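Peer 1:
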Amino acid sequence: MANTQPVLIVGSMALDNVKTPFGDVKDALGGAAVYSSIAASYFTGVRLVGVVGEDFPDEHVEFLSSRGIDLTGMQRVPGQTFRWTGYYEFDMNQAHTLDTNLNVFERFRPTIPAEYADSQYVFLANIDPELQLQVLDQVKNPKLTVCDTMNFWIESKKDQLLEVLKRVDIAFMNDAEARELCGSYSLIKAANMLREIGPKVVIIKKGEHGALMITKDGFFSAPSYPLEEVKDPTGAGDSFAGGFIGYIASTDDISEPNLRKAVVYGTTVASFNVEDFSLQRLGSLTPRDIADRYCELKQIAHFEAIE
Ligand code: AMP
584 MANTQPVLIV GSMALDNVKT PFGDVKDALG GAAVYSSIAA SYFTGVRLVG
634 VVGEDFPDEH VEFLSSRGID LTGMQRVPGQ TFRWTGYYEF DMNQAHTLDT
684 NLNVFERFRP TIPAEYADSQ YVFLANIDPE LQLQVLDQVK NPKLTVCDTM
734 NFWIESKKDQ LLEVLKRVDI AFMNDAEARE LCGSYSLIKA ANMLREIGPK
784 VVIIKKGEHG ALMITKDGFF SAPSYPLEEV KDPTGAGDSF AGGFIGYIAS
834 TDDISEPNLR KAVVYGTTVA SFNVEDFSLQ RLGSLTPRDI ADRYCELKQI
884 AHFEAIE
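Add 583 to a position in the sequence shown, counting from 1, and you land on the number used in the working numbering.
Quick look at the structure:
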């Protein structure tokens, strides 16, 4: 029997304004920690640390609790919740940011509750890298630390982000971010540069073109699930990362073959997320939905050996 472990997730909790060619939403539940926590909750217990303002609707808190997410570490403080406004054109692999209002995140200092300090699995979702460093200072002896980031922080807090990279085991980045941070068009060169900075494993997300994992043993390439309809890619990377670490924590196994399975679980969960806006699809999955799509992905990626 797997020694199932909870995962500690720290990152943005948001109200998003998003427009895609297929519709738009205003003040919709979002944020990297929200997407990744919901995704991880299909695999294991989640301890969420983040901050919201007075305007954050109670129904969102109830929704997170209904997924069994432990909100002891969520702060509600005076002020407005973090807001991100963005849009996508027909190339939905690229998000265009119109506005980032940090609001309550400006003064946020993550406090890891004492009972979370021994968390073995830690996911530093997209957030100011200075805050990611503060979290690393507060966890005792984690077995696996994973981080994600985005262009906003690569451009505004590069040095702090490099510090984070020195201290984590696995780094997630999308293709454009890896190229921007490393100044290399080749994703392989970029991933190897990142591995030299610190993380032993680098996972490059390539949107609808799948994901690439680079470890000391070599490469693993997973396709994306071929969807006919994509409505809103917001949170795809976060739900990918949440599914990935949620699955690993649920098995307490960080071997390379299990990391591969985790990449496919991440891919699977992310594919549901993009089928609808905000958390509308990601928030209502069943274990059967996830298992069926995982098996389809295995079939899609299979090919025979040379005789
Ligand atoms: P993804 O599509 O996976 O890259 O993540 C989208 C989510 O990231 C949205 O729900 C936003 O609220 C959140 N987000 C956007 N910009 C930032 C930022 N600068 N820091 C933290 N979270 C952000």
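Note that CB positions come from ideal geometry on N, CA and C, so glycine has one too.
Bear in mind the structure is a predicted one, so any value in this text is a computation, not a measurement.
Alpha carbon to alpha carbon, how far is Val635 from Arg659?
Peer 2: 5 Å
Peer 1: Buried or exposed: Asp800, going by 16 or more other Cβ atoms within 10 Å of its Cβ?
Peer 2: exposed
Peer 1: Using only the alpha-carbon positions, how far apart do Val785 and Asp758 sit?
Peer 2: 11 Å
Peer 1: Cα-Cα, which of Asp610, Ala623, Arg650, Gly793 is closest to Pro640?
Peer 2: Nearest of Asp610, Ala623, Arg650, Gly793 to Pro640, Cα basis: Asp610.
Peer 1: Using only the heavy atoms of the ligand AMP, determine whether one of them is closer than 7 Å to the beta carbon of Ser595.
Peer 2: yes
Peer 1: Count the other CB atoms within 10 Å of the CB of Arg876; is the residue buried (16 or more) or exposed (fewer)?
Peer 2: Counting the other Cβ atoms within 10 Å of the Cβ of Arg876 gives 16 or more, which makes it buried.
Peer 1: Give the DSSP bridge partners of Gly801, in chain order.
Peer 2: Thr798
Peer 1: If you draw a straight line from the C-alpha of Asp836 to the C-alpha of Gly829, how long is it?
Peer 2: 11 Å
Peer 1: Mapping DSSP to helix, strand and coil, what is Met756?
Peer 2: strand
Peer 1: Short of 6 Å in beta carbon distance, which residues of its chain neighbour Gly781, apart from the five on each side in sequence? Order them along the chain.
Peer 2: So the list reads Leu748, Lys749, once near-sequence residues are dropped.
Peer 1: When burial is assigned at 16 or more other CB atoms within 10 Å of the CB, is Asp859 buried or exposed?
Peer 2: Around the CB of Asp859, 16 or more other CB atoms lie within 10 Å, so the residue is classed as buried.
Peer 1: To the nearest angstrom, how far is the alpha carbon of Asp711 from that of Gly633?
Peer 2: 12 Å
Peer 1: For Phe755, which residues of its own chain have a beta-carbon under 6 Å away from its beta-carbon, when the five flanking residues on both sides are left out?
Peer 2: Asp731, Ile786, Ala824
Peer 1: Going by beta-carbon coordinates alone, are Ala623 and Val590 separated by less than 8 Å?
Peer 2: Pairing Ala623 with Val590 gives a Cβ-Cβ distance under 8 Å.
Peer 1: Given Thr683, which residues of its chain have a CB within under 7 Å of its CB, disregarding the five upstream and five downstream residues?
Peer 2: Trp667, Phe735
Peer 1: Using 8 Å as the threshold, is the stretch 814-821 in touch with the stretch 668-683, meaning 3 or more CB pairs across them?
Peer 2: Yes, they touch.
Peer 1: Just the Cα atoms here: how many angstroms apart are Asn724 and Glu698?
Peer 2: Pairing Asn724 with Glu698, the inter-Cα distance amounts to about 13 Å.
Peer 1: Identify every run of the beta strand (DSSP E) within the stretch 707-759, keeping only runs that are complete inside it and at least 3 residues long; order them along the chain.
Peer 2: If you keep only unbroken beta strand (DSSP E) runs of at least 3 residues inside the stretch 707-759, you get 727-730, 753-757.
Peer 1: Which two residues bound the contiguous alpha helix (DSSP H) that contains Phe665?
Peer 2: That residue, Phe665, is in no alpha helix (DSSP H); its beta strand (DSSP E) goes 665-670.
Peer 1: Could you check whether the stretch 802-809 touches the stretch 641-661, counting it as contact only if at least three pairs of C-beta atoms, one from each stretch, sit closer than 8 Å?
Peer 2: no
Peer 1: How far does the alpha helix (DSSP H) with Gly825 in it extend, from its first residue to its last?
Peer 2: Here the alpha helix (DSSP H) through Gly825 covers 819-834.
Peer 1: Is any beta-carbon of chain B found at less than 8 Å from that of Ala794?
Peer 2: Structure shown: chain B not included; a single protein chain is present.
Peer 1: Is Ser867 buried or exposed, if buried means 16 or more other CB atoms sit within 10 Å of its CB?
Peer 2: Counting Cβ neighbours within 10 Å, Ser867 comes out exposed, since fewer than 16 surround it.
Peer 1: Give the C-beta separation of Val852 and Leu707 to the nearest angstrom, bearing in mind that I take them to be a contact with Cβ-Cβ under 8 Å.
Peer 2: Their Cβ separation, rounded to whole angstroms, is 19 Å, which puts Val852 and Leu707 out of contact at 8 Å.
Peer 1: From Glu746 to Glu887, what does the alpha carbon distance come to, in whole angstroms?
Peer 2: Using only the alpha carbons, I get a separation of about 43 Å.
Peer 1: So is the beta-carbon of Thr683 under 7 Å away from any non-hydrogen atom of the ligand AMP?
Peer 2: Yes, since a heavy atom of the ligand AMP falls inside the 7 Å radius drawn around the Cβ of Thr683.
Peer 1: Going by CA-CA distance only, name the one from Ala832, Leu716, Ala884 that's closest to Ala794.
Peer 2: Ranked by Cα distance from Ala794, the first of Ala832, Leu716, Ala884 is Ala884.
Peer 1: Helix, strand or coil for Lys609 per DSSP?
Peer 2: Note: Lys609 maps to strand in three-state DSSP.
Peer 1: Compute every distance between the C-beta of Pro816 and the non-hydrogen atoms of the ligand AMP, then say whether any falls below 7 Å.
Peer 2: yes
Peer 1: Look at the alpha carbon of Gln743 and the alpha carbon of Pro696, and state the distance between them as a whole number of angstroms.
Peer 2: 24 Å
Peer 1: How would you write the range of the beta strand (DSSP E) that Gln882 sits in, first residue to last?
Peer 2: Not the beta strand (DSSP E): Gln882 falls in the alpha helix (DSSP H), residues 870-884.
Peer 1: Between Gly790 and Asn709, is the Cβ-Cβ spacing less than 8 Å?
Peer 2: no
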